[in-house]
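Engineer: Protein chains in written order, with our numbering: chain A, 3 to 87; chain B, 30 to 445.
Virtual Cβ for every residue (Gly too), placed ideally from N, Cα, C.
Below, the structure written as structure tokens:
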């Protein structure tokens with residue numbers, strides 16, 4: 003999975019969690035919570051969906067790695083490679 | 030003794046969803062035309078069951094995201110509360126919402142979410158890492174009332190009133206009492222039910238021999254019929270705006286009714302079987318508070334759920350308190366014959382279905398009585414067709430629940 007594909011995976015999950023949000027103009031380098039109306043429970047939904055849909059575990063200490071789309075891609079792309087290996 | 034305006038509590042707005050109506054007007058129309066709307070739904074582990082399903086527009090007051098996080102009971106409570114406030118004509122903008130209380134009756138809350146979560150983790154070999162972080166906020170007892178405060182920005186008290194199937198009446202009584210105490214200036218009070226999403230509710234009634242079965246789902250809930258064989262479980266809700274009379278008058282509000290009497294008591298005899306002696310005591314105490322004689326009650330809206338024993342017990346209680354010879358003007362009816370048993374919403378919804386009688390002078394009938402059980406043959410039972418009366422001024426509404434909780438609420442057509 004490329005980093006761009008990884009970003010799309012995260013966006014698809016956010017689209018389920020925050021169905022009223024317009025995701026067409028998300029800046030990849032800006033914190034998601036600064037652009038979208040996401041609360042801590044929504045954030046935990048993202049972690050849960052990564053676990054359910056892709057078998058990816060994000061330990062609590064790594065949550066800050068999911069702040070923006072860019073940081074998600076940096077952090078998650080190797081994890082996607084691990085689970086698909 | 031006359032009461033001061035601040036000690037008289039009135040109903041000024043109604044919001045509801047029932048299987049056969051999403052507004053008071055639609056609900057009433059269907060109660061007068063004999064139209065129920067019970068469906069067959071697929072129940073996890075059980076196959077098809079009869080159920081009362083509501084089709085209110087949940088998106089009217091909640092975003093898709095809110096609905097994703099909302100429980101069904103919470104969503105119903107939000108819909109009903111917002112409809113009630115709109116109906117009341119209260120100016121919401123600028124209102125001091127710290128003086129608004131939300132009192133929502135529920136038979137149970139949390140079963141639905143817990144069952145869903147157990148099913149969910151069963152798909153992951155019961156690995157609790159997949160248990161939702163939404164489980165606890167969704168299952169706390171105050172969830173439906175709390176969702177109303179979140180949606181409407183209400184800062185006054187909110188909580189659930191758990192009183193089994195008497196909860197709808199108990200919610201209204203709680204609102205009434207809090208207004209009398211001066212704790213709030215506006216009460217959003219009533220009851221809700223999401224029970225049709227819980228297989229456990231259906232399976233429990235089935236194991237108890239109390240789940241209705243009929244080839245036509247709309248005939249399954251048939252209180253007083255000889256062949257009645259149990260309850261049709263339904264979802265729904267009814268929330269009222271309650272205000273002190275002085276406040277309602279000051280803003281020129283439409284007044285649906287005045288709450289003039291109520292009572293709650295406990296059987297202390299059995300967890301599930303009713304007790305007609307205590308039901309009589311409950312109704313008598315409510316009449317006493319209202320300062321009314323039984324013969325002054327125009328409509329007795331029964332709790333009867335279509336179980337063989339429960340209906341007969343209530344009829345025994347009503348026969349004792351409202352004998353036809355003494356109460357020739359009193360009419361008896363039942364609303365569950367249309368909508369099934371809406372559990373925590375039942376008392377509140379059934380009251381709503383009868384409130385328009387003050388305006389139209391009609392008693393909605395109990396339907397589906399094909400072969401009246403002699404044990405339920407009350408002289409003035411209105412069956413299958415509405416009955417026009419010269420005037421309807423008082424309604425007594427019964428709701429009883431498991432663990433022997435009885436409730437009785439009396440409302441009166443408003444008069445100065």
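With residue 261/B and residue 134/B assumed to form a contact (beta carbons below 8 Å), what rounded beta-carbon distance in angstroms separates them?
Structural biologist: In the second chain, residue 261/B corresponds to position 232, counting from 1. In the second chain, residue 134/B corresponds to position 105, counting from 1. Residue 261/B to residue 134/B, Cβ: 20 Å. No contact.
Engineer: For residue 92/B, which residues in chain A fall below 7 Å Cβ to Cβ?
Structural biologist: Position 63 of the second chain, counting from 1, holds the residue named residue 92/B. Correct list: 22.
Engineer: Could you tell me the boundaries of the beta strand (DSSP E) in which residue 153/B lies?
Structural biologist: As a working note, residue 153/B is residue 124 in the second chain. Element bounds for residue 153/B: n/a, residue is neither H nor E.
Engineer: Give a yes or no on whether the minimum CB-CB distance between residue 111/B and chain A is below 8 Å.
Structural biologist: Looking up residue 111/B in the second chain gives position 82. No, residue 111/B lies away from the interface with chain A (no Cβ there is under 8 Å from its Cβ).
Engineer: Consider the Cβ of residue 88/A: report whether some Cβ of chain B lies at a distance smaller than 8 Å.
Structural biologist: Residue 88/A is absent from the model: chain A starts at 3 and stops at 87.
Engineer: Can you tell me whether residue 48/A is helix, strand or coil according to DSSP?
Structural biologist: On the first chain, residue 48/A is found 46 positions in, with the first residue counted as 1. Of the three classes helix, strand and coil, the one that applies to residue 48/A here is helix, per DSSP.
Engineer: Throw me the rounded Cβ distance for the residue 371/B and residue 250/B pair, which I believe falls under 8 Å.
Structural biologist: To locate residue 371/B, count along the second chain from 1; it is residue 342. To locate residue 250/B, count along the second chain from 1; it is residue 221. Wrong, their Cβ atoms sit about 11 Å apart, outside the cutoff.
Engineer: I'd like the list of long-range same chain contacts for residue 325/B, defined as Cβ closer than 7 Å, with 5 residues on each side in sequence excluded.
Structural biologist: Taking the second chain and counting its residues from 1, the one referred to as residue 325/B is at position 296. Contacts found: 423.
Engineer: When the cut-off is 8 Å and only beta carbons count, does residue 53/A lie next to chain B?
Structural biologist: Indexing the first chain from 1 puts residue 53/A at position 51. Answer yes: the Cβ-Cβ gap between residue 53/A and chain B drops below 8 Å somewhere.
Engineer: Considering only the beta carbon of each residue, do residue 92/B and residue 138/B sit closer than 8 Å?
Structural biologist: Residue mapping note: residue 92/B aligns to position 63 of the second chain, counting from 1. Residue mapping note: residue 138/B aligns to position 109 of the second chain, counting from 1. The answer is no: Cβ separation not under 8 Å.
Engineer: Confirm the yes/no value for this check: CB of residue 14/A, any heavy atom of the ligand FAD, distance under 7 Å.
Structural biologist: Absence of the ligand FAD from the depicted structure is noted, as is the absence of any ligand whatsoever, leaving it without description.
Engineer: Are residue 130/B and residue 213/B closer than 8 Å when you measure CB to CB?
Structural biologist: Taking the second chain and counting its residues from 1, the one referred to as residue 130/B is at position 101. Taking the second chain and counting its residues from 1, the one referred to as residue 213/B is at position 184. Cβ atoms of residue 130/B and residue 213/B: closer than 8 Å.
Engineer: Go through its chain and collect everything with a Cβ distance to residue 170/B's Cβ below 8 Å, but skip five positions before and after it.
Structural biologist: Counted from its first residue, the second chain places residue 170/B at position 141. The residues are 135, 138, 139, 188, 189 and 191.
Engineer: Compile a chain-ordered list of the residues in the region 96–126 of chain B whose CB is closer than 8 Å to at least one CB of chain A.
Structural biologist: Residues passing the 8 Å Cβ filter: 97 and 98.
Engineer: Are the region 361–371 of chain B and the region 43–59 of chain B touching by the rule of at least three beta carbon pairs closer than 8 Å?
Structural biologist: Yes, the region 361–371 of chain B is in contact with the region 43–59 of chain B.
Engineer: What separation, rounded to the nearest whole angstrom, lies between the Cα atoms of residue 176/B and residue 125/B?
Structural biologist: Within the second chain, the letter at position 147 stands for residue 176/B. Within the second chain, the letter at position 96 stands for residue 125/B. Roughly 18 Å between the two C-alpha positions.
Engineer: Please tell me whether residue 46/A has its Cβ less than 8 Å away from any Cβ of chain D.
Structural biologist: In the displayed structure, chain D is absent; the protein chains listed are A and B.
Engineer: Just the chain B side, please: which residues come within less than 9 Å of residue 43/A by C-beta, in chain order?
Structural biologist: In the first chain, counting from the first residue as 1, residue 43/A sits at position 41. Neighbours of residue 43/A on chain B, chain order: 98, 162, 163 and 166.
Engineer: Name, in chain order, the residues that DSSP records as bridge partners for residue 70/A.
Structural biologist: Residue 70/A sits at position 68 when you count from the first residue of the first chain. Answer is 33/A, bridged to residue 70/A.
Engineer: Could you please give me the residues that DSSP links to residue 362/B through a beta bridge?
Structural biologist: Residue mapping note: residue 362/B aligns to position 333 of the second chain, counting from 1. Beta-bridge pairing links residue 362/B to 330/B.
Engineer: Round the Cβ separation of residue 161/B and residue 373/B to the nearest angstrom and send it over; I've been treating them as touching at under 8 Å.
Structural biologist: Walking along the second chain from the start, residue 161/B turns up at place 132. Walking along the second chain from the start, residue 373/B turns up at place 344. Contact flag wrong, Cβ pair sits at about 23 Å.
Engineer: Count the other CB atoms, across all protein chains shown, that sit within 10 Å of the CB of residue 30/B; report buried if there are 16 or more and exposed otherwise.
Structural biologist: What you label residue 30/B is simply residue 1 of the second chain in a count that begins at 1. Low per-residue confidence applies at residue 30/B: pLDDT is 49, beneath 50, and the placement is therefore not dependable enough to give any value.
Engineer: For a contact meaning CB atoms closer than 9 Å, what does residue 159/B contact in chain A?
Structural biologist: In the second chain, residue 159/B corresponds to position 130, counting from 1. Under the 9 Å cutoff, chain A gives 50, 53 and 54.
Engineer: Verify whether the separation of the beta carbon atoms of residue 194/B and residue 291/B is less than 8 Å.
Structural biologist: Start at 1 with the first residue of the second chain, and residue 194/B comes out as number 165. Start at 1 with the first residue of the second chain, and residue 291/B comes out as number 262. Against a cut-off of 8 Å, the Cβ pair of residue 291/B and residue 194/B comes out as no contact.
Engineer: So for residue 312/B, helix, strand or coil by DSSP?
Structural biologist: Taking the first residue of the second chain as 1, we reach residue 312/B at position 283. In this structure, residue 312/B counts as helix in the three-state DSSP scheme.
Engineer: Between the alpha carbons of residue 48/A and residue 11/A, how many angstroms are there, rounded?
Structural biologist: On the first chain, residue 48/A is found 46 positions in, with the first residue counted as 1. On the first chain, residue 11/A is found 9 positions in, with the first residue counted as 1. Rounded to whole angstroms, residue 48/A to residue 11/A spans 10 Å at the Cα level.
Engineer: Under the DSSP definition of a beta bridge, which residues are partnered with residue 322/B?
Structural biologist: One-based indexing of the second chain puts residue 322/B at position 293. Looking at the DSSP assignment, residue 322/B forms no beta bridge with any residue, so it has no partner.
Engineer: Which same chain residues, not among the five before or five after residue 343/B, have their C-beta less than 8 Å away from its C-beta?
Structural biologist: Translated into the one-based positions of the second chain, residue 343/B becomes position 314. Same-chain partners within the cutoff: 303, 305, 308, 331, 332, 333, 427 and 429.
Engineer: Taking buried to mean at least 16 other C-beta atoms within 10 Å of its own C-beta, is residue 103/B buried or exposed?
Structural biologist: Residue mapping note: residue 103/B aligns to position 74 of the second chain, counting from 1. Label assigned to residue 103/B: buried.
Engineer: With DSSP collapsed to three states, give me the class of residue 429/B.
Structural biologist: The residue labelled residue 429/B in the question sits at position 400 within the second chain. Of the three classes helix, strand and coil, the one that applies to residue 429/B here is strand, per DSSP.
Engineer: Would a C-beta distance cut-off of 8 Å place residue 83/A and residue 3/A closer than the cut-off?
Structural biologist: By 1-based counting over the first chain, the position of residue 83/A is 81. By 1-based counting over the first chain, the position of residue 3/A is 1. Going by C-beta atoms, residue 83/A is nearer than 8 Å to residue 3/A.
Engineer: Taking only runs of the beta strand (DSSP E) that begin and end inside the region 344–431 of chain B, which ones reach a length of at least 3 residues, in chain order?
Structural biologist: Correct list: 360–363 and 423–430.
Engineer: For residue 400/B, which residues from the same chain have a beta carbon less than 8 Å from its beta carbon, with the 5 sequence-adjacent residues on both sides left out?
Structural biologist: Taking the first residue of the second chain as 1, we reach residue 400/B at position 371. Hits under 8 Å: 254, 255 and 256.
Engineer: Kindly indicate which three-state DSSP category residue 30/B falls into: helix, strand or coil?
Structural biologist: The sequence position of residue 30/B within the second chain is 1, counting from 1. Reliability of the predicted coordinates at residue 30/B is poor, the pLDDT of 49 falling under 50, and no value is obtained from them.
Engineer: Rounding to the nearest angstrom, what Cα-Cα distance links residue 94/B and residue 402/B in this structure?
Structural biologist: The residue you call residue 94/B lines up with position 65 of the second chain. The residue you call residue 402/B lines up with position 373 of the second chain. Whole-angstrom Cα-Cα distance: 50 Å.
Engineer: Do you know how far the Cα of residue 39/B is from the Cα of residue 69/A?
Structural biologist: The residue you call residue 69/A lines up with position 67 of the first chain. The residue you call residue 39/B lines up with position 10 of the second chain. Near 52 Å, if we compare the C-alpha coordinates of residue 39/B and residue 69/A.
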